[in-house]
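Undergrad: Dropping a structure here in structure tokens format, bear with me for questions.
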Amino acid sequence: MLKLIQIEFMKLRRRKLVWLMLLASLVMPFFAFLYYGYFGKTGIDPAAFYKWSAFGYTMLIILPFVLGMLCTILMYNENRYDMLKQLWIVPVSRLGYFFSKFFVVLIYSVCFMLITAIASVLFSVLPGYVVFEWGSIFFLMKKCLEIALFTAFAMLPVLAVTASQKGYILSVCITLIYAFAGFFMTPINMYLHPLSCVSVIVSRSGDIPGLTLPQAVHAPVAILGIFLWSVAATLFAMVTLNRRK
Amino acid sequence: MRILLWAECQKLRRSNILLLTAFATVFIAVFVFIGGKTTVHGVDFSESSGWYMATALTWATMFILPAMIALLGSYMICREEQDDTIKHLRLVPINETKLTAAKMIVTFVLSVLIYLLLFIITLAIEAVLHFSALSIETVLDFLKMYLIQGAGVFFAVSPIIAIVPYMKKSYWLALLLAEIYSFSALFMSMSNALKHFYPITAVFGVSGYYETTVQELACCIIALSLCGCLAAVLLVGLNHSQKGKKHEEKII
Chain Y
23 MLKLIQIEFM
33 KLRRRKLVWL
43 MLLASLVMPF
53 FAFLYYGYFG
63 KTGIDPAAFY
73 KWSAFGYTML
83 IILPFVLGML
93 CTILMYNENR
103 YDMLKQLWIV
113 PVSRLGYFFS
123 KFFVVLIYSV
133 CFMLITAIAS
143 VLFSVLPGYV
153 VFEWGSIFFL
163 MKKCLEIALF
173 TAFAMLPVLA
183 VTASQKGYIL
193 SVCITLIYAF
203 AGFFMTPINM
213 YLHPLSCVSV
223 IVSRSGDIPG
233 LTLPQAVHAP
243 VAILGIFLWS
253 VAATLFAMVT
263 LNRRK
Chain R
9 MRILLWAECQ
19 KLRRSNILLL
29 TAFATVFIAV
39 FVFIGGKTTV
49 HGVDFSESSG
59 WYMATALTWA
69 TMFILPAMIA
79 LLGSYMICRE
89 EQDDTIKHLR
99 LVPINETKLT
109 AAKMIVTFVL
119 SVLIYLLLFI
129 ITLAIEAVLH
139 FSALSIETVL
149 DFLKMYLIQG
159 AGVFFAVSPI
169 IAIVPYMKKS
179 YWLALLLAEI
189 YSFSALFMSM
199 SNALKHFYPI
209 TAVFGVSGYY
219 ETTVQELACC
229 IIALSLCGCL
239 AAVLLVGLNH
249 SQKGKKHEEK
259 II
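For the protein sequence lines, the chains are Y and R, in the order given. Letter by letter, the first sequence follows residues 23 to 267 of the working numbering. Letter by letter, the second sequence follows residues 9 to 260 of the working numbering.
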């Protein structure tokens with residue numbers, strides 16, 4: 023498995039675009055910086071700033087969308103150059119192939135959120151909006167790692183759908199709809215969609231000010247929701263990959 | 009030109025991208041409706057007349073439809089290179105500038121049609137919710153708003169569609185750009201100065217969603233016109249560079 027992951031990264035080395043997509047991690051910290059700059063506030067509660075820069079739209083929309091795009095790129099390239107046939111001849115197991123892609127998505131997700139965390143600290147501390155405290159930075163890092171980890175698992179259904187497709191159009195549309203469905207589903211039922219389950223897990227302790235959830239928070243139910251979706255996605259991917267020649 | 013437009017429509021008929029775009033439009037309409045019915049702080053937003061049609065228009069423009077329109081346009085432009093049909097088209101021969109113009113016209117029409125579809129869905133739901141509160145003027149006002157929004161969003165995303173052929177295989181980045189570009193409108197709309205210059209929010213100014221003065225309206229129209237001009241310059245430049253390459257090949 024480690025060798026497969028290493029090979030995946032070697033393939034990605036040639037694709038500058040994938041690394042360019044990491045720039046999207048700076049979007050919300052920058053907008054949070056502009057937002058607080060616009061109101062001219064200083065001495066803000068760090069958690070309030072980080073809610074804007076990392077726990078809000080980054081978690082609900084930007085990260086899922088970027089990861090969905092990554093899933094599509096990873097799978098589409100194999101299909102495009104007809105690499106799958108050669109991989110099956112080697113042989114590479116279907117499960118190994120699927121999870122090697124998943125681990126790339128997971129590592130990418132962690133890198134993305136770490137950049138968001140660093141950018142959030144820089145955009146909040148340097149202009150003097152937030153007082154530098156190790157405690158708040160550890161809090162931000164912990165939450166960012168949680169978001170990265172659970173969002174990567176929540177994206178498994180998209181990875182499974184992209185694995186079943188030869189083209190990119192459906193995968194991209196599914197990514198778009200999936201990311202926004204999570205955003206819109208949160209006020210309706212937080213435990214139905216894996217991405218809204220991530221927001222439940224992240225806000226389970228109630229330590230993010232202003233992040234109000236419409237229902238009672240049950241982190242184990244949210245983890246169970248993500249787990250069930252992940253299992254279903256893996257099974258779906260196995261079936262579709264086995265069917266494909 | 010008429011034949012080129014007809015050919016583009018024929019090509020699209022075989023592709024499932026139109027179906028997916030329609031699905032995305034229905035999706036946003038349904039989710040805004042469900043979101044409006046959900047009472048977070050004891051408020052049912054869908055109770056107020058006109059809320060649904062206005063909100064669906066905002067959310068669709070800020071989150072989903074610009075990316076879908078950019079994907080549609082870039083897909084149409086890139087598919088000739090990707091499917092390797094451009095060689096056959098050059099053999100016909102076909103004027104590539106006209107071909108690109110035909111693709112852009114079709115994208116423009118589809119952009120307006122997507123918003124028309126959204127209007128029909130939202131109007132139907134609004135009629136079910138508050139039929140008595142709907143007047144002909146309100147419906148016509150919203151129809152005008154939706155149609156202008158469709159046209160305006162096309163102009164706003166046209167530079168992104170035009171950039172895609174330059175990036176060759178990197179149309180992914182174009183989609184990501186379109187998404188961030190439309191999403192950023194949420195923040196641009198907070199600033200009174202920026203919202204009339206930022207193309208996505210300028211669309212709201214032109215369509216009449218924002219109340220604007222004559223100067224502000226002029227700023228919005230200029231911003232969108234600049235986007236259209238930039239796209240035209242990029243696409244004409246692309247065709248010239250392709251002709252240049254062919255000329256070099258002949259010399260070799």
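Here a beta-carbon is modelled for each residue, glycine too, at the ideal position from N, C-alpha and C. None of these values were measured; they are calculated from a predicted model.
Closest to L263(Y) by CA distance: which of I27(Y), K164(Y) and E100(Y) is it?
TA: The residue with the shortest Cα to Cα distance from L263(Y) is E100(Y).
Undergrad: For the putative contact between C235(R) and S166(R), defined by C-beta atoms under 8 Å, what is the C-beta separation to the nearest angstrom?
TA: About 6 Å separates the two Cβ atoms, so the contact holds.
Undergrad: From the DSSP output, in three-state form, read off G189(Y) for me.
TA: If DSSP states are grouped into helix, strand and coil, G189(Y) belongs with coil.
Undergrad: Is there a Cβ of chain Y sitting closer than 8 Å to that of N24(R), yes or no?
TA: It does: the Cβ of N24(R) has a partner Cβ on chain Y nearer than 8 Å.
Undergrad: Just to confirm before moving on: does the CB-CB distance between T184(Y) and P86(Y) stay below 8 Å?
TA: Their beta carbons are not under 8 Å apart, which means T184(Y) does not touch P86(Y) by this criterion.
Undergrad: Using a Cβ cut-off of 8 Å (strictly closer), state whether L56(Y) contacts chain R.
TA: Answer yes: the Cβ-Cβ gap between L56(Y) and chain R drops below 8 Å somewhere.
Undergrad: For the alpha helix (DSSP H) containing H215(Y), name the first residue and the last one.
TA: It is not in any alpha helix (DSSP H) - H215(Y) carries neither H nor E in the DSSP assignment.
Undergrad: Hey, quick one: how far does the alpha helix (DSSP H) through E219(R) stretch, first residue to last?
TA: E219(R) -> no alpha helix (DSSP H), and no H or E assigned at all.
Undergrad: Checking contacts by CB at 8 Å: is F154(Y) closer than that to chain R?
TA: Chain R contact via Cβ: absent.
Undergrad: Given A159(R), which residues of its chain have a CB within under 6 Å of its CB, disregarding the five upstream and five downstream residues?
TA: These residues qualify, in order along the chain: V120.
Undergrad: For A186(R), which residues in chain C fall below 9 Å Cβ to Cβ?
TA: The question asks about chain C, but that chain is absent: this structure's protein chains are Y and R.
Undergrad: Measuring alpha carbon to alpha carbon, tell me which of F124(Y), F134(Y) and M177(Y) ends up nearest M23(Y).
TA: Nearest C-alpha to M23(Y): F124(Y).
Undergrad: E88(R) to A64(R), Cα distance in whole Å?
TA: Near 34 Å, if we compare the C-alpha coordinates of A64(R) and E88(R).
Undergrad: Kindly give me the distance between the Cβ atoms of A170(Y) and V132(Y), rounded to whole angstroms, as I take these residues to be in contact under 8 Å.
TA: Contact flag correct, Cβ pair sits at about 4 Å.
Undergrad: Whose Cβ in chain R lies nearer than 7 Å to the Cβ of A241(Y)?
TA: Under the 7 Å cutoff, chain R gives no residues; its nearest Cβ is about 21 Å from A241(Y).
Undergrad: When DSSP labels each residue in this structure, what does P242(Y) get in the three-state scheme?
TA: Residue state, collapsed to three classes: helix.
Undergrad: Could you tell me whether the segment 146–161 of chain Y touches the segment 47–63 of chain Y, where touching means 3 or more Cβ pairs closer than 8 Å?
TA: Output reads yes: the segment 47–63 of chain Y touches the segment 146–161 of chain Y.
Undergrad: Note down the Cα distance separating H240(Y) from R226(Y), rounded to an integer number of angstroms.
TA: Cα to Cα, H240(Y) sits roughly 7 Å from R226(Y).
Undergrad: Check this for me: beta carbons of P179(Y) and A76(Y), under 8 Å apart or not?
TA: No, these two residues do not count as a Cβ contact at 8 Å.
Undergrad: Take the Cβ of E257(R) as the centre, count every other Cβ of all protein chains shown within 10 Å, and call the residue buried at 16 or more, exposed below.
TA: Any answer about E257(R) is weak, because its pLDDT of 49 lies below 50 and its placement is not dependable; what the coordinates show is given next. Under this definition E257(R) is an exposed residue.
Undergrad: Exposed or buried, what is W4(Y) when buried is set at 16 or more other beta-carbons lying within 10 Å of its beta-carbon?
TA: No answer is possible for residue 4(Y): the residues shown for chain Y start at 23 and end at 267.
Undergrad: Jot down the residue ranges of each uninterrupted alpha helix (DSSP H) in the segment 92–138 of chain Y, minimum 4 residues, whole runs only, in chain order.
TA: You should have 105–111.
Undergrad: Would you kindly work out how many angstroms separate the C-alpha atoms of Y83(R) and G118(Y), rounded to a whole number?
TA: Cα-Cα distance, rounded: 32 Å.
Undergrad: Is the CB of M84(R) under 8 Å away from at least one CB in chain Y?
TA: Chain Y contact via Cβ: absent.
Undergrad: If I'm right that S122(Y) touches I27(Y) with Cβ under 8 Å, what's the distance once you round it to whole angstroms?
TA: Contact holds; Cβ gap of about 5 Å.
Undergrad: Following the continuous alpha helix (DSSP H) through G157(Y), name the residue where it begins and the one where it ends.
TA: W156 to A176 is the extent of the alpha helix (DSSP H) around G157(Y).
Undergrad: Give the secondary structure of M50(Y) by DSSP, where H, G and I count as helix, E and B as strand, and everything else as coil.
TA: In the structure shown, M50(Y) sits in a helix (DSSP, three-state: H, G or I).
Undergrad: Report the start-end ranges of each alpha helix (DSSP H) in the segment 136–181 of chain R that is 4 residues or longer and not cut off at the edges.
TA: Runs found: 144–175.
Undergrad: Taking C-alpha atoms, which residue in L242(R), L194(R), Y154(R) and V214(R) lies nearest to I83(Y)?
TA: The residue with the shortest Cα to Cα distance from I83(Y) is L194(R).
Undergrad: Taking the alpha helix (DSSP H) that G81(R) falls in, what are its first and last residues?
TA: From DSSP, the alpha helix (DSSP H) with G81(R) extends over L73 to Q90.
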